[in-house]
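Participant: Protein chains in written order, with our numbering: chain A, 10 to 490; chain B, 10 to 490; chain C, 10 to 490; chain D, 10 to 490.
There are 4 protein chains.
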Amino acid sequence: MDSQPLDSDPITGQKPSDHCAVIGVVGDTPVIDNIILGLRTLQHRGQESAGIAVYDGSIIKLKKGMGLVSEVFSHREQNLSGNFYGNVGIGHTRYSTQGSKNLENAGPFVVSSSTGYLAVSHNGEITNAETIREELKRKGSAFLTGSDTEAMLMEIARDVGELGIYPGLKIAMGKLRGSYSIALMINDTLYAIRDPNGFRPLVIGKVDNSYIVSSESCVFDVLGGEMIRDVRPGEVIEMTPKRYTTLFQIRPRRISHCMFEYVYFARPDSIIDNIEVFSTRIKLGKTLARESPVSADIVIPVPDSGRAQALGFAEESGIPYNEGLIKNRFSERTFIMPTQMERKTAVRLKLNPIRSVIEGKRVVLVDDSIVRGNTIKHIVSILRSHGAREVHVRVGSPPIIAPCYFGVDMKTKSEFIARSRSNESIREEIGSDSLAYLSIDGLVSAIGMEKDNLCLGCLTGKYPEPIPGQIKIRQSELENY
Amino acid sequence: MDSQPLDSDPITGQKPSDHCAVIGVVGDTPVIDNIILGLRTLQHRGQESAGIAVYDGSIIKLKKGMGLVSEVFSHREQNLSGNFYGNVGIGHTRYSTQGSKNLENAGPFVVSSSTGYLAVSHNGEITNAETIREELKRKGSAFLTGSDTEAMLMEIARDVGELGIYPGLKIAMGKLRGSYSIALMINDTLYAIRDPNGFRPLVIGKVDNSYIVSSESCVFDVLGGEMIRDVRPGEVIEMTPKRYTTLFQIRPRRISHCMFEYVYFARPDSIIDNIEVFSTRIKLGKTLARESPVSADIVIPVPDSGRAQALGFAEESGIPYNEGLIKNRFSERTFIMPTQMERKTAVRLKLNPIRSVIEGKRVVLVDDSIVRGNTIKHIVSILRSHGAREVHVRVGSPPIIAPCYFGVDMKTKSEFIARSRSNESIREEIGSDSLAYLSIDGLVSAIGMEKDNLCLGCLTGKYPEPIPGQIKIRQSELENY
Amino acid sequence: MDSQPLDSDPITGQKPSDHCAVIGVVGDTPVIDNIILGLRTLQHRGQESAGIAVYDGSIIKLKKGMGLVSEVFSHREQNLSGNFYGNVGIGHTRYSTQGSKNLENAGPFVVSSSTGYLAVSHNGEITNAETIREELKRKGSAFLTGSDTEAMLMEIARDVGELGIYPGLKIAMGKLRGSYSIALMINDTLYAIRDPNGFRPLVIGKVDNSYIVSSESCVFDVLGGEMIRDVRPGEVIEMTPKRYTTLFQIRPRRISHCMFEYVYFARPDSIIDNIEVFSTRIKLGKTLARESPVSADIVIPVPDSGRAQALGFAEESGIPYNEGLIKNRFSERTFIMPTQMERKTAVRLKLNPIRSVIEGKRVVLVDDSIVRGNTIKHIVSILRSHGAREVHVRVGSPPIIAPCYFGVDMKTKSEFIARSRSNESIREEIGSDSLAYLSIDGLVSAIGMEKDNLCLGCLTGKYPEPIPGQIKIRQSELENY
Amino acid sequence: MDSQPLDSDPITGQKPSDHCAVIGVVGDTPVIDNIILGLRTLQHRGQESAGIAVYDGSIIKLKKGMGLVSEVFSHREQNLSGNFYGNVGIGHTRYSTQGSKNLENAGPFVVSSSTGYLAVSHNGEITNAETIREELKRKGSAFLTGSDTEAMLMEIARDVGELGIYPGLKIAMGKLRGSYSIALMINDTLYAIRDPNGFRPLVIGKVDNSYIVSSESCVFDVLGGEMIRDVRPGEVIEMTPKRYTTLFQIRPRRISHCMFEYVYFARPDSIIDNIEVFSTRIKLGKTLARESPVSADIVIPVPDSGRAQALGFAEESGIPYNEGLIKNRFSERTFIMPTQMERKTAVRLKLNPIRSVIEGKRVVLVDDSIVRGNTIKHIVSILRSHGAREVHVRVGSPPIIAPCYFGVDMKTKSEFIARSRSNESIREEIGSDSLAYLSIDGLVSAIGMEKDNLCLGCLTGKYPEPIPGQIKIRQSELENY
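#1: Ordered along the chain, which non-local residues of its own chain (more than five positions away) have a Cβ less than 8 Å from that of A/ARG393?
#2: Mind listing, in chain order, the continuous beta strand (DSSP E) runs of no fewer than 3 residues lying wholly within the segment 286 to 364 of chain D?
#3: Under 9 Å, do B/ILE314 and B/LEU51 count as touching if we go by C-beta distance?
#4: If we define contact as Cβ-Cβ less than 9 Å, is B/LYS215 a contact residue for chain C?
#5: Less than 9 Å separating the beta-carbons of A/ASN462 and A/ARG263?
#6: Per DSSP, what are the beta-bridge partners of D/GLN258 in this structure?
#7: To which residues of the same chain is A/GLU171 closer than 7 Å at the C-beta, ignoring the five residues directly before and after it?
#8: Would you check if there are 3 or more beta carbon pairs closer than 8 Å linking the segment 129 to 144 of chain A to the segment 72 to 80 of chain A?
#9: Per DSSP, C/ILE61 is paired with what?
#10: Select from D/SER454, D/CYS29, D/MET458 the residue whose C-alpha is nearest the C-alpha of D/ARG49.
#11: My parser needs the alpha helix (DSSP H) runs of 4 or more residues fully inside the segment 134 to 167 of chain C; what are they?
#12: Please state the DSSP three-state secondary structure of A/ILE410.
#13: According to DSSP, is A/SER122 part of a helix, a strand, or is it coil?
#14: Does the beta-carbon of D/SER301 have 16 or more other beta-carbons within 10 angstroms, so that it is buried, or is it exposed?
#15: Could you tell me whether the Cβ atoms of B/ILE409 and B/VAL380 are closer together than 9 Å?
#16: Measuring CA to CA, which of A/LEU465, A/ARG103, A/SER123, A/ILE328 is closest to A/ASN114?
#17: Go ahead and label A/GLU433 buried or exposed: buried means 16 or more other beta carbons lie within 10 angstroms of its beta carbon, across all protein chains shown.
#18: Could you work out which residue in C/GLY116, C/ASP65, C/THR38 is closest to C/GLY55 when comparing CA atoms only?
#19: Please report how far the alpha carbon of C/LYS110 lies from the alpha carbon of C/SER58, in whole angstroms.
#20: Beta carbons nearer than 9 Å to chain F: which residues of the segment 147 to 164 of chain C have them?
#21: Can you name, in chain order, every residue of its own chain whose Cβ lies under 7 Å from the Cβ of D/ALA317, other than the five neighbours on each side?
#22: How about A/ALA166: is its C-beta nearer than 9 Å to some C-beta of chain B?
#23: For D/ALA445, does the three-state DSSP call read helix, strand or coil?
#24: Nearest chain D C-beta to C/PHE93 closer than 9 Å, yes or no?
#25: Quick one: using the 10 Å Cβ neighbour count with 16 as the cut-off for buried, is C/TYR175 buried or exposed?
#26: Restricting to Cα atoms, I'd like to know which of B/ASN331, B/GLY321, B/ALA323, B/ARG357 is closest to B/ARG338.
#27: What would DSSP say about B/SER130, mapped onto helix, strand or coil?
#28: According to the neighbour-count rule (16 or more other Cβ atoms, all chains shown, within 10 Å of its Cβ), is A/LYS471 buried or exposed?
#29: When you compare only the Cα positions, how much space is there between C/GLU244 and C/GLU424?
#30: So that I know if they touch, is there some Cβ in chain A lying closer than 9 Å to that of D/THR296?
#31: Strictly under 9 Å for the Cβ-Cβ distance: is C/PHE118 near chain D by that measure?
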């Protein structure tokens, strides 16, 4: 994906996405340290806000705030004090879209109900949240936020309250549509729940005497523990300090793992649904090299997102790999341009070429994906101005042509450079000597899953689940801006 | 009352009270300025947090934060921008108790329901909040906070959603017990609602083309408008830009206005239930002088709370009035003592005597009320050390011996110096030459209402409404700390 | 003085004044607590910034920040930690003028020189700071700020470094013109220094085993100690934990104590140059009543500044005293008006009348002084609108017609309502039925000093010291705005 | 260098270093935007504080604060407003050492003197600052901070004031010892000054109609301009909007460029003294491969610092390159460990291995340098626990055995793992199968300069300039802690 901070453009009026990280820990010692470390490990999945809820034996304590995990939970004493003293808890971070800087949608959400206290951290997007909310309103409920997570939690709280935990969760999951990988805490018990499609990743592991549910497996490495396995699509796992048990597994209508986790979102050191992300990215690059070879002197990545694919491309093609663009280490946080700086300057502030590496060379420039194309266009121009003889763009995934409704912040069709456009037209737009995307079949084979088990909605416009009309309408309105 | 910041002692573990200010404005121009000015006028009723909710034509926007009104709403541009652009809105401030510095219980509360948006600002305390919450939980609701105001609003939202506004509000008021003077906004309509006992004040007025509901009438003076009248006990008034209409009035079981509003809480320039606060306080002082005369050279108040009563005492007794204690103007905000300073230093930091006024004199020291007695004890000692020949303490209200369950932050019996104790024993404790409280009958006659129409619970231990056992139990537990 | 926050108008473009509080403590135990308490006691002399410097045995530690003392020094642990651990230290607060919110001019100032460390807290204004600065620049010095205090400290540091402490201080005082009451710390020794005119107050006292120098004597009361005496005009007192010694006293050209300290600035409970402020203010009111009697029903003060004068007026005239205006306790801090609110609303937000007190009455309204006259004008209007039959304004000091160059923030002549104007014209402007100021002779006799020993510059335009032309020029430029 | 945030250990009690970035811009349009962008480009040279000074036509305006450039200058309006409106200005960032979070030493420094306003941004360390300060004190100067930059600026201000700019600067440079690359502003003229040894880099360039002086050349790329050339050792360049002129050049005693700029500090895309940093690092890796070959399956870098050296090593050795360690993108900022986490967890939070890359492999692990060795030790251990068969550590620079006194934050000898220790002993300590550092001759030849023109003090303990005894003594005291 071309550079994240530049792509989250305020001009496009995107609504906040539900791209997030979730974690839950239950053990026989205080969990706060492991939750904070886990959230910091998962910080790449969301930088807008961070929150933690801990059950202290009688009630659930909650703190959330805007900013990085290390900013929100910066006071060591506070974290360790009675505030978050408890042996079971959950955490959440949220993706940042400029302009949506508010706490209303930050997680976790906590409620008290007839069952006691419920808290949830959610990664995904409930596509029928509006329907659920309206139905609950008709039954007399009222809502403090517009969040789909609040709607989900209220539905769960009601069903669990009426029917008990096992049947309540089953009924609730029968009603919920869309994507949800969640860590749910009901009083002192932790539940790992993944929607029947398995859109978003969710794994469980063990660290010392604690069981942990996490968005990604890299957490277990950092905490010095072991991954146990993925949560299966539709599965509900009950976790206590002593054991983890599958409460039930809803029979999946169909499995549809998000291919974009492998392409861009997940950390390279994570293993998702038994497939390691880094080596998959290497394979994406190799496959790309086979599908779209080019005669060139050097392969360079767009750092950091295109590095693994570039290494794969170089290895397969035999063209030497080098680092030709230096990334400003301090550009991770969304930044304010001092004036109406041209976008080109913004790109240069983030990425600057090494003249000695590219001067006079035929360069293969590899990135993982292209959304709007603004960034790649400027990189091509900068490479040329630093003496590159030819610039060949190779993209480690197929063209994105349709919105995601399952938890990725790509909503309006008009933002995609590849929408209704020929490859040649895009190449012209970005100004490269050649341009090639990976094919869908190449993507599928590199990942190594059944094609039917992947969600390719943003590449094909065909979704594994029907999308409610009202969401589509909202999208078409957005496009008319 | 002896000095407020010193009395809200963290050691006593008091729970946050529901003492608050409410305001609501509906008109044909943006209301944000009048709400902010109104809240600043009512700042004495609560300094912990401030919040405003405005209906902008389609949804209700909400902002609340910890601190004074001028701190939370300090950015002129933000306030005036689209954020709070609307012709109907409500505001709220909350009383500060040290240690409860969190936003969870700050007002207003806003929810979306089948009726649309509802927002409420609440002054008072719902005594059966726990019962209501449990019943709503049984019906499937879940709660995000432990606030009695959230419980009240959820009950109202459910009843109004099921039955419509008129019957819904009536049903809800039939269920609610305790004290509530509220500004309620349902979409673009404002409601002023006062509980059938009329515990807390609530008035309506007109400013230019806006109708306003407010905790106190001083708001209309400051905004340059006119008071219309008190909201009657049990009355629901619907307010639109064009008119105000009594929707209905629940027949009061009995009326029980809080006498403490006249003694201490309300601003002297307010008129509550047709009685002006300042002249009532003068009368309290006069009555006290008649009931407990003393031979002395000078009458001085504990500033600022005892000034009106001292003026009345002086006038009635013929003893000259003077200011003998200087109050530090910057001591209004809760303050941190640099070390474990003795309380006496804390009192001196707030109040310092004028030697020339008191040296060699027989001093009558007048305050409005005494709760714990810490402050008055130190003042007596300081006056003596500055040369007062005699110190006679006169208190403009009867001894407080029992908790308040209707919205005043006096909860644990053990905190009252006058609990189960003779006048002589108290006098000895505070070290004065004589001590006299106003009698209950003196209080009632000075206020000028029927005794049966006043709540005297904290003076007698006999409450106009039964107090649920669970609250009493909670209190007795608190006392065992 | 008519109400302070309203009078410090951003429109007038006033430069920051040097009105400040100073304190210094030396003892055999850590001084930080006493300095903080002392500064809080002196908070009325400056609310813009607060700072403390402590000598810890080898170096001087410094902390200063914008805001009230309780805000800048709010972290108990920080204050008590090694940061400010030392047995000698000084503190400073500074007056707030809107628009000058920066730290550059905040005190104390600290430098290292050939003598070691020097730190100074300054109340006053060096009228020849520019000359001193230029001369020092010619000698090779350079300056980090534009502050007159930095210039003074650099001069002292140079002279003391060259000549030693005793002769150095003497030489420096020979060069400095204007007003300076300072607490100076040279390594572990404290010096109390007052300019030869004695413009600003400065007193020494003893608290437990510590010697203290302070702007006002009320500090000794609050800390539980005793005042020793005023620092004499031109005197330099050396203070160590064991003793205080007069190092020398420069023979005063003439003494010229600021009369405004008695009228408005100082706390009523302070004693300045052997005269108690509160009883002086009572006398000002009495004298005023004798000079300008009026037939009326009631005397009311503008709270809080006019209260003592009103009490004196009432006592002398026999007209009953009452409180007819209620002051908003939370209006001490400079506040932002939500929109371009008319000034009348701003006044009402701060002061609101009690109708029962003034309706139908002939009212004598007493304030301590009038500068611009904006506030008093609106109060008169509000009193009339609440039913006052007549309003007679009585001012407890003579008309202010000229700038102060010795430490009071009144700089441009055009801001004074009384400048070049008849009493009748002012009365018309403020809309009262009658208006009377205290006479200069009345003021002098009430204070009880030799007329020649008072600075009456702002009342007469004749100053005890020549004012350098460049300052006058700057002033006349300001007036042309 | 092994990972920066982990190496700046609070336990070692390091004093704040003078490692910094400087920039100066002079042109015919406002310079604020270019200064901010330039500082953000140079952010890697200092993250503790940021500051900017702009000459607005009459005075120099200054703002500095703790934090990243984007944090200190985050308010677009403020930056663009009159505050920083001017066509000449300088900027500064400072390196962060935990525990020294204060503004006293932050740049730029600004003074007013007989010459007018002077402002300076400084990279380097004045070794005889104490001597200069004492001499100036003897001449009557006093100092507000303990900063060596203040001492330098005061010396310059005095000499320029007495003698004029040209001779003044010459005299001052004759007195100053140590390292200083500075941007100096005297009223509206900019000066680029580099010490005669040329320790730290300093370059000039042109962007549109502005001349710019900067610590590194990458700034010109980002701003879309061109580098002109390095400032020569001992050279003073005067810069105006129209031209740049060498005012004079002090004859260098000897040239001694810091070799560490090439190894670690500078951005890879910079060119320093005509040598590109990135390709130098590649050469360091190649030379290392030739000097210390090893039989292995894979070369991996410690990201990001060892990447270029690893690429060079791989290319020269023919062993395949791969990325085997994933760096947490959010670990750039110093972070608080939630508890007394073991250091190993801290390393894992920052770096996590890819199992598929290293399992069963003989790994060559390449970093640029080793200071304390804590981090590399844990990486070796983590690689082994993820299945590496062998781990061979190769370091792209020679062992560091002595402190730097010329601007790099390595002060106490006891912190260096390589101090007085055999290679075998170090290898044992870090637990690798083999360990090899680059030789000094290899370093010199890779850089491609005369050995005599490099400062190799930290590698040899022999410094190009004598180090004043008092600094050495301070160091030996530090070591006794």
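Where is the CB? At the ideal position from N, CA and C, for every residue including glycine.
Keep in mind the model is a prediction, meaning the values are calculated, not measured.
Facilitator: Concretely, from the data shown:
#1: VAL400, GLY440
#2: 307 to 310, 334 to 336, 360 to 362
#3: One detail in the question is off: residue 314 of chain B reads as Ser in this sequence, not Ile. Taking 9 Å as the Cβ cut-off, B/SER314 and B/LEU51 do not qualify as a contacting pair.
#4: no
#5: yes
#6: D/GLU244
#7: GLY177
#8: no
#9: C/LYS72, C/GLY100
#10: D/CYS29
#11: 138 to 147
#12: coil
#13: strand
#14: buried
#15: yes
#16: A/ARG103
#17: exposed
#18: C/GLY116
#19: At C/LYS110, the pLDDT of 46 sits below 50, so the modelled position is not reliable; the number obtained from the coordinates is stated separately. One C-alpha to the other measures close to 9 Å.
#20: Protein chains in the displayed structure are A, B, C and D, and chain F is not among them.
#21: PRO277, PHE287, ARG290, ILE291, GLY294
#22: yes
#23: strand
#24: no
#25: exposed
#26: B/ARG357
#27: strand
#28: exposed
#29: 35 Å
#30: no
#31: yes
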